[in-house]
Amino acid sequence: MSLDPEQFRPRIAEAKRLLKAQISDLPERFAAMTARIQQQVEEIQACVANGESPIPEVDFADLQDDGMEELKARIRRRGCVVVRNVFPREQVDEWNRQLMEYVNENDYFSKEVEKRGLDNYFSALASGRPQIFGLYWSKPQVMARQSEQLALTRRWLNRLWTFEYDGQQVFNPDQECSYADRVRQREPGDKTLGLSPHVDGGTIERWIEPSYRQVYRHVFGGDLAAYQPFDSLYRTEAVEIPSPAVCRMFRTYQGWTAMSQQGPGDGTLNLVPIADAMAWMLLRALQDDVPDDELCGAKAGRALSVTEKYHQLLLQAFVPIPTVYPGDTVWWHPDVIHGVEDHNKGQGYSNVIYIGAAPDCQKNRDFLALQRPAFEAGESSPDFAPENYEVAFTGRALPDDLTELGRRQMGY
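When the letters of the sequence shown are read in order and numbered with the numbering used here, they come out as residues 64 to 475.
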């Protein structure tokens with residue numbers, strides 16, 4: 064789907080006019096948010112200067128312990144966490160082997176050449192050997208998604224959110240809806256997969272859609288101090304502009320499971336570990352140096368870009384994740400800025416299975432109704448380009464491969 068950015072300019076200009084009229088203290092509000100972000104940037108820079116990672120970490124074995132309130136508060140502030148040792152190394156090595164076998168036995172690479180260009184989200188990448196595979200239903204992916212280990216991990220993470228108001232749940236933190244995403248197998252030396260800093264899950268709709276603006280109601284009016292990124296109210300009601308680049312599920316976290324060792328310099332993930340950076344970005348777009356019909360370069364149907372021109376303050380805190388090992392998992396809040404290093408300078412593959420957290424709610428159940436037929440037919444996830452590589456693949460997962468938990472997560 065191609066969206067003409069010109070068609071949204073009048074809506075952007077009108078939304079900005081309304082927001083500026085609504086926020087009577089806009090200069091003071093932006094100054095307060097800037098001071099809030101600056102303090103966190105300095106904390107992160109000091110951490111890095113001391114040779115430490117600002118990304119919180121916890122061991123999977125510790126998730127069943129009560130307490131850890133200091134760690135939980137740090138995760139809410141940083142908006143991300145590495146959960147170590149979720150899967151044993153032997154299991155991950157076997158999944159890695161099965162994935163490579165699945166790719167090679169089904170001649171994925173020749174089929175990818177035939178369908179190249181369907182997935183416009185990565186259209187700027189060089190046309191070499193793919194590093195992200197349009198595969199959703201290999202057995203390792205399905206087994207990992209429906210694992211008891213990830214179910215426990217996501218329950219713990221979901222409960223870091225405020226999910227209940229006046230006795231009503233916005234989402235059920237203890238039940239997951241399975242979201243089919245892809246895999247990355249990035250070769251050593253690869254320079255084609257660098258992704259500049261960005262945020263997924265919608266761009267200009269954060270300003271122009273009334274339903275989405277409600278998520279940031281404390282930013283656009285009232286008490287700025289009341290804004291909390293882990294407040295879930297209205298997030299499951301937000302309406303995104305339809306696009307293959309926009310996730311239609313509500314995700315409490317984006318995430319992936321490490322299939323190989325990878326760290327700084329290995330062509331892996333970088334983050335701005337500031338959970339409330341989005342609040343600053345929203346107010347930044349309303350400043351006088353931004354044209355009335357623009358939002359700091361944001362374009363409908365694309366990732367929300369973070370640029371030196373407008374967001375230099377945030378980019379001072381753009382840091383790599385610590386070294387992770389097979390079986391570790393990485394999680395980040397849907398508003399957290401992230402990117403991928405331009406060059407895999409390591410000696411080995413930088414492999415991951417993308418698996419986030421999408422708890423049970425009506426928005427996610429609606430998506431499952433679209434995803435189940437795709438699973439049964441071996442078609443691409445309905446959130447991605449319809450490449451449909453796996454329709455005739457041998458060895459893909461079938462409904463009979465689902466456990467009882469897996470069936471619940473898929474909405475059966």
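C-beta atoms are modelled at their ideal positions from N, C-alpha and C, and glycine is treated no differently.
Supposed contact pair Glu239 and Asp391 - C-beta distance, whole angstroms, cut 8 Å: Glu239 and Asp391 do not touch by the CB rule: their CB atoms are close to 19 Å apart, not below 8 Å.
Among Leu377, Ala207 and Gly326, the one whose alpha carbon lies nearest that of Ile337: When each option's Cα is compared against that of Ile337, the closest is Leu377.
Bridge-paired residues (DSSP) for Cys143: Answer is Trp395.
Any 3 or more C-beta pairs closer than 8 Å across the region 304-316 and the region 427-434: These segments touch.
Nearest-angstrom Cα separation, counted from Lys362 out to Ser259: For the pair Ser259 and Lys362, the Cα-to-Cα distance works out to about 15 Å.
Residue of Glu69, Leu358, His406 and Glu132 minimising C-alpha distance to Leu332: The residue with the shortest Cα to Cα distance from Leu332 is His406.
Spatial distance of Ser444 from Arg245 (CA atoms): C-alpha separation (whole angstroms): 9 Å.
Whether His374 touches Pro292 by CB criterion (8 Å): With contacts defined as CB atoms closer than 8 Å, His374 and Pro292 fail to qualify as a contacting pair.
Cβ-Cβ distance between Trp62 and Gly318 below 8 Å: In the structure displayed, the chain extends from 64 to 475; residue 62 sits before or after that span and is not available.
For Glu239: DSSP bridge partner residues: The bridge partners DSSP lists for Glu239 are Pro422.
With 16 other Cβ atoms within 10 Å as the buried cut-off, status of Arg152: It is exposed - the Cβ of Arg152 has fewer than 16 other Cβ atoms within 10 Å.
Beta-carbon proximity check, Val166 vs Phe123, cutoff 8 Å: Against a cut-off of 8 Å, the Cβ pair of Phe123 and Val166 comes out as no contact.
Backbone CA spacing between Trp200 and Met163 [nearest angstrom]: Their backbone Cα atoms lie some 14 Å apart in a straight line.
Alpha carbon of Leu468 to alpha carbon of Asp237, nearest angstrom: One C-alpha to the other measures close to 12 Å.
Environment of Asn113 [buried if 16+ CB atoms lie within 10 Å]: Label assigned to Asn113: exposed.
Pick from Ile384, Arg365 and Asn221 that is closest to Arg147, judged by C-alpha positions: The candidate whose alpha carbon is nearest that of Arg147 is Ile384.
Nearest residue (CA-CA) to Cys143, options Pro203, Pro117 and Glu157: Checked all of Pro203, Pro117 and Glu157; the closest Cα to Cys143 is Pro117.
Stretch pair the region 246-257 + the region 408-417: three plus CB contacts closer than 8 Å: At 8 Å Cβ cutoff, the stretches touch.
Residues that Gly318 bridges to, as DSSP identifies them: Beta-bridge annotation (DSSP): Gly318 is paired with Trp394.
Cβ neighbour criterion (16 or more within 10 Å) applied to Ser87: Answer is exposed; the Cβ neighbour count stays below 16.
N- and C-terminal bounds of the beta strand (DSSP E) containing His401: Counting along the chain, the beta strand (DSSP E) containing His401 begins and ends at Ile400 to Val403.
6 Å Cβ shell around Ala289 - same chain, five flanking residues per side excluded: Short of 6 Å from the beta carbon of Ala289, and not among the five residues preceding or following it, lie these beta carbons of its own chain, in chain order: His281.
Inter-residue Cα distance where the pair is Gln232 and Phe226: Cα-Cα distance, rounded: 6 Å.
Euclidean distance between Cα positions of Leu66 and Cys359: A straight line joining the alpha-carbon of Leu66 with that of Cys359 spans about 18 Å.
Of the residues Thr216, Gln194 and Glu371, the one placed nearest His261, counting alpha carbons only: Among Thr216, Gln194 and Glu371, the Cα nearest to that of His261 belongs to Glu371.
Stretch pair the region 269-277 + the region 68-85: three plus CB contacts closer than 8 Å: Contact annotation: the region 269-277 touches the region 68-85, with at least three C-beta pairs closer than 8 Å.
Three-state secondary structure assigned by DSSP to Tyr228: Tyr228 falls in the strand class under three-state DSSP.
Where Asp122 falls: helix, strand or coil (DSSP): In the structure shown, Asp122 sits in a strand (DSSP, three-state: E or B).
Segments assigned alpha helix (DSSP H), at least 4 residues, entirely inside the region 318-382: Counting whole runs of 4 or more residues, the region 318-382 contains the alpha helix (DSSP H) stretches 340-347 and 371-378.
Beta-carbon proximity of Val205 to Asp398, cut-off 8 Å: No; because the gap between Cβ atoms is not below 8 Å, this pair is not in contact.
Test item: CB-CB of Pro119 and Arg99 under 8 Å: Pro119 is not a Cβ neighbour of Arg99, given a cutoff of 8 Å.
Exposure of Tyr228, with buried meaning 16 or more beta-carbon neighbours within 10 Å: Label assigned to Tyr228: exposed.
Glu404 versus Lys254 - alpha carbon distance: Spanning the alpha carbons of Glu404 and Lys254 requires a straight line of approximately 9 Å.
Nearest candidate by alpha-carbon position, reference Val454, set Pro462, Leu345, Glu442 and Phe447: The shortest C-alpha separation from Val454 is found at Glu442.
Burial state of Tyr475 (16 or more Cβ within 10 Å): Label assigned to Tyr475: exposed.
Rounded distance between the beta-carbons of Gln209 and Ser241, thought under 8 Å: That pair is a contact at about 7 Å.
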